[in-house]
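See structure below.
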Amino acid sequence: QFDERGFFARSVCVEEFRAHGLPAAFVQSSVAWSRRRGTVRGLHFQWPPSREGKLVRCLRGAIHDLLLDLRPAEPSYLRHRAVLLDQDNRHAVFIPSGVAHGFQTLVDDCEVLYQMTDVHAPALATGVRWNDPSFGIRWPITSDIVIAARDAAYPDFDRNGFEEELRKRTAQSSGRV
212 QFDERGFFAR SVCVEEFRAH GLPAAFVQSS VAWSRRRGTV RGLHFQWPPS
262 REGKLVRCLR GAIHDLLLDL RPAEPSYLRH RAVLLDQDNR HAVFIPSGVA
312 HGFQTLVDDC EVLYQMTDVH APALATGVRW NDPSFGIRWP ITSDIVIAAR
362 DAAYPDFDRN GFEEELRKRT AQSSGRV
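So in this note's numbering, the last one in the sequence shown is 388, and the numbering has no gaps at all.
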């Protein structure tokens, strides 16, 4: 809602989240700032037993936000979706547990807010390479990419190896070893 002072908006409403089957209890918030246009972060996810879901919003700048479904039981398994998040549209996207997430900055000086449903567990954190040919992801900026060495070094996706590792970790976390 805009007026002469600016705007006021609700960013999280428990009732609305529940009505859509989404968790609304956030236990950790983080901010990512990227200096340069073309910066890629991700694609990150956490292995079980983590149940980390994320609510992501771009506070400053503009990003091409990307979700890659890594949940074998879902019809959207191994498919990706991109959305524009920017300071003008003020949209947010919820990334469920089991979905890899990443983004590319479309302008210099971007700030992105993450609200997580589970505490980040570095021992469970991993990812999928941003330009892995298995997924055919088209990024809007293709030259002068800025990316962390770790994110650039993820190996090519191995579906069978991934599914086996996911089964093993899911069984371990549920006590069915």
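Glycine included, each C-beta is placed from N, C-alpha and C at the ideal position. A quick note: this is a predicted structure, and the numbers were derived from the prediction, not measured.
Asked, Found
"Using DSSP with H/G/I as helix, E/B as strand and the rest coil, what is F346?", "coil"
"Counting along the chain, where does the beta strand (DSSP E) carrying D297 start and finish?", "291 to 297"
"What does the Cβ neighbour count give for K265, buried or exposed, with the cut at 16 atoms within 10 Å?", "buried"
"Under 6 Å Cβ to Cβ from V294, same chain only, skipping five residues before and after it: list those, please.", "D276, V304"
"With distances taken between CB atoms, is the gap from V242 to A235 smaller than 7 Å?", "no"
"From this set, E263, L289, G313, Q239, which residue's C-alpha is nearest P307's C-alpha?", "E263"
"Note the first and the last residue of the continuous alpha helix (DSSP H) segment covering E375.", "370 to 384"
"Near S222, which residues of its chain fall below 8 Å by C-beta distance, leaving aside the five closest residues on each side in sequence?", "R268, A303"
"Rounded to a whole number of angstroms, what is the C-alpha to C-alpha distance between L279 and R292?", "7 Å"
"Looking at the unbroken alpha helix (DSSP H) that takes in D280, where does it start and where does it end?", "Counting along the chain, D280 falls outside any alpha helix (DSSP H), though it belongs to the beta strand (DSSP E) covering 273 to 280."
"Enumerate in chain order the residues of its own chain whose CB-to-CB distance from V310 is below 8 Å, with the five nearest sequence positions on each side excluded.", "F256, L278, L279, D280, L281, R282"
"Closer than 8 Å by C-beta to N342: which residues in its own chain qualify, once you throw out the five before and the five after it? Chain order, please.", "I348, W350"
"Taking the beta carbon of F250 as the centre, do at least 16 other beta carbons fall within 10 Å, making it buried, or is it exposed?", "The sequence given here places Thr at residue 250; Phe does not occur at that position. T250 is buried by the Cβ-count criterion."
"Are the Cβ atoms of F314 and I274 separated by less than 7 Å?", "yes"
"When you compare each of P286, G253, L289 to R361 by their alpha carbons, which one comes out closest?", "G253"
"So V323 is in the beta strand (DSSP E); what residue range does that whole segment cover?", "321 to 327"
"Can you give the beta carbon distance from R290 to C321, rounded, assuming they're within the 8 Å contact cut?", "So it is not a contact: roughly 25 Å between Cβ atoms."
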